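Each remark here refers to the structure printed beneath this line.
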Amino acid sequence: MIRVEGVTKRYGDLAAVSGVTLEVGPARPMALIGPSGCGKSTLLRLMLGLLTPDEGRVTIDDERITASNARSLRRRVGYAIQAGGLFPHVSARANVELPLRAHGVARSEERIERLAGLVRLDPGLLDRPPGELSGGQRQRVALMRAMVLEPDALLLDEPMGALDPVVRAELQDDLKSLVTELGTAMVIVTHDLAEAAALAPDDIVLLRNGVVVQRGPFEALRRKPSEPFVSDFIGAQTRRVGVLFASGAP
1247 MIRVEGVTKR YGDLAAVSGV TLEVGPARPM ALIGPSGCGK STLLRLMLGL LTPDEGRVTI
1307 DDERITASNA RSLRRRVGYA IQAGGLFPHV SARANVELPL RAHGVARSEE RIERLAGLVR
1367 LDPGLLDRPP GELSGGQRQR VALMRAMVLE PDALLLDEPM GALDPVVRAE LQDDLKSLVT
1427 ELGTAMVIVT HDLAEAAALA PDDIVLLRNG VVVQRGPFEA LRRKPSEPFV SDFIGAQTRR
1487 VGVLFASGAP
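Residue 1435 in our numbering is what sits at position 189 of the sequence shown, and the numbering runs on without skipping anything.
Here you go:
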């Protein structure tokens, strides 16, 4: 369980996140959406302990994240970013095993093979460098790395933004099934409303200027917007999809 309680993070006079309170539970995916610069990624990094809040606190299973315990608590939270963030000079397998070495956990071939099966990746590809893998394969390796320590939660920052639509849809389906199967808590940052609705239809958090504007199921945001910004944001994305579909654009 991850709790964000009254958290504010400032950069000079700018509040990237302001007074945010959220709770993330197991097997209930949450999506953080909003325009660029709204505080989505900052909030995710606060949850991971990569940033320290100026006000409020973040806890994992009721233990507050501090500078002294952030590294140990991070072992319980998997993290993946857009394009995977893999190290290009080592194999995919070595990338997956990095968290094991960092936390002094014994390497387990059985665990690696099980994770490859979970993300539907051919284990034979793990001996290749990331540059020889497709975008979808690299993202699956990144998910393996995020899960290799068997974390209680997954925090994903635009993890599928660079993928083509077919691979992206396939990986979304696999990820949603995986979270349900493992009972893992998941928070995904995305600017794409369709992706948020696909992965976390029951818990979407819309931010603007570091503040939570509305939180709830996709249908509630669509049918009962809390303010004009919510309907404008949803309407703009819906219109864009309609224009692309009508024009036949990729």
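Note that beta-carbon positions come from the ideal geometry of N, C-alpha and C, so glycine has one too.
Quick caveat, the model's predicted, so the values are computed rather than measured.
Practice prompt. Ignoring anything shorter than 4 residues or poking outside the stretch 1357-1404, list the alpha helix (DSSP H) runs there in chain order.
Written response: The qualifying runs are 1381-1393.
Discussion item. Give me, in chain order, the residues of the same chain whose beta-carbon lies closer than 7 Å to that of L1364; leave out the 5 immediate sequence neighbours on both sides.
Written reply: In the sequence shown, residue 1364 corresponds to position 118, counting from 1. Leaving aside the five residues that flank L1364 on each side, the residues in its chain whose CB is nearer than 7 Å to its CB run, in chain order, L1424.
Worksheet item: Under 9 Å between the Cβ atoms of L1402 and A1338?
Response: By one-based count along the sequence shown, residue 1402 stands at place 156. By one-based count along the sequence shown, residue 1338 stands at place 92. Cβ atoms of L1402 and A1338: not closer than 9 Å.
Fill in: Pair within 9 Å by beta-carbon distance, V1266 and V1457
As a position in the sequence shown, residue 1266 is number 20, starting the count at 1. As a position in the sequence shown, residue 1457 is number 211, starting the count at 1. In contact: V1266 and V1457 (Cβ atoms closer than 9 Å).
Worksheet item: In terms of residues, what are the limits of the alpha helix (DSSP H) holding A1442?
Response: Indexing the sequence shown from 1 puts residue 1442 at position 196. Its alpha helix (DSSP H) spans residues 1439-1445.
Item to complete: Would you kindly report the start and end of the unbroken alpha helix (DSSP H) that includes S1423?
Response: Locating residue 1423 in the sequence shown gives position 177, counting from the first residue. Note, S1423: alpha helix (DSSP H), 1411-1428.
Item to complete: Measure the alpha-carbon distance for D1307 versus R1347 and round it to whole angstroms.
Response: Sequence index remark: in the sequence shown, residue 1307 carries index 61 (1-based). Sequence index remark: in the sequence shown, residue 1347 carries index 101 (1-based). Approximately 24 Å, taken between the alpha carbons.
Worksheet item: Since E1269 contacts R1249 with CB under 8 Å, what's their CB separation in whole angstroms?
Response: Here residue 1269 refers to the residue found at position 23 when the sequence shown is read from its first residue. Here residue 1249 refers to the residue found at position 3 when the sequence shown is read from its first residue. With a Cβ gap of about 5 Å, E1269 and R1249 count as contacting.
Worksheet item: What are the boundary residues of the beta strand (DSSP E) that R1256 is part of?
Response: If you number the sequence shown from 1, residue 1256 lands on position 10. Start and end: 1248-1257.
Item to complete: Name the one or two DSSP bridge partners that V1457 has.
Response: Sequence index remark: in the sequence shown, residue 1457 carries index 211 (1-based). Its beta-bridge partners are R1454.
Worksheet item: Does DSSP put T1298 in a helix, in a strand, or in coil?
Response: As a working note, residue 1298 is residue 52 in the sequence shown. Of the three classes helix, strand and coil, the one that applies to T1298 here is coil, per DSSP.
Item to complete: For A1313, count neighbouring C-beta atoms within 10 Å of its own C-beta (all shown protein chains included) and say buried if the count is 16 or more, exposed if not.
Response: Along the sequence shown, read from residue 1 onward, the residue named residue 1313 stands at position 67. A1313 should be labelled exposed.
Practice prompt. Return the chain-ordered ranges of every alpha helix (DSSP H) run that is complete within the stretch 1272-1350 and spans a minimum of 4 residues.
Written response: Correct list: 1286-1294, 1316-1320, 1338-1348.
Discussion item. Taking the alpha carbon of E1396 as the reference point, which residue from P1405, N1341, G1331, G1429 has its own alpha carbon closest?
Written reply: For this step, residue 1396 is matched to residue 150 along the sequence shown. Out of P1405, N1341, G1331, G1429, G1429 has the C-alpha closest to the C-alpha of E1396.
Worksheet entry | Whole-Å CB distance - V1387 paired with L1400, under 8 Å assumed | Against the sequence shown, residue 1387 aligns to sequence position 141. Against the sequence shown, residue 1400 aligns to sequence position 154. 15 Å between Cβ atoms; not a contact.
Worksheet item: If A1197 sits next to T1288, beta carbons under 8 Å apart, how far is it from one beta carbon to the other, in whole angstroms?
Response: Residue 1197 lies beyond the range of the chain shown here (1247 to 1496); nothing can be said about it.
Worksheet item: What's the C-alpha gap between R1414 and L1452?
Response: Numbered from 1 along the sequence shown, position 168 holds the residue referred to as residue 1414. Numbered from 1 along the sequence shown, position 206 holds the residue referred to as residue 1452. Taking the straight line joining both Cα atoms gives about 22 Å.
Fill in: Assigned exposure category for G1370 - 16 Cβ within 10 Å defines buried
Walking along the sequence shown from the start, residue 1370 turns up at place 124. Exposed: under 16 other Cβ atoms inside 10 Å.
Worksheet item: Does DSSP put E1269 in a helix, a strand or coil?
Response: Translated into the one-based positions of the sequence shown, residue 1269 becomes position 23. Taken through DSSP and simplified to helix, strand or coil, E1269 comes out as strand.
Worksheet item: What is the DSSP secondary structure of S1477, counted as helix, strand or coil?
Response: Translated into positions along the sequence shown, residue 1477 becomes position 231. Here S1477 sits in helix by DSSP.
Discussion item. Rounded to the nearest angstrom, what separates E1473 and L1467 at their Cα positions?
Written reply: For this step, residue 1473 is matched to residue 227 along the sequence shown. For this step, residue 1467 is matched to residue 221 along the sequence shown. Distance between the alpha carbons of E1473 and L1467: 10 Å.
Discussion item. Among Q1383, D1398, L1344, whose alpha-carbon lies nearest the alpha-carbon of A1362?
Written reply: Start at 1 with the first residue of the sequence shown, and residue 1362 comes out as number 116. The candidate whose alpha carbon is nearest that of A1362 is Q1383.
Fill in: Pick from P1463, K1470, I1480 that is closest to R1274, judged by C-alpha positions
On the sequence shown, residue 1274 is found 28 positions in, with the first residue counted as 1. Among P1463, K1470, I1480, the Cα nearest to that of R1274 belongs to P1463.
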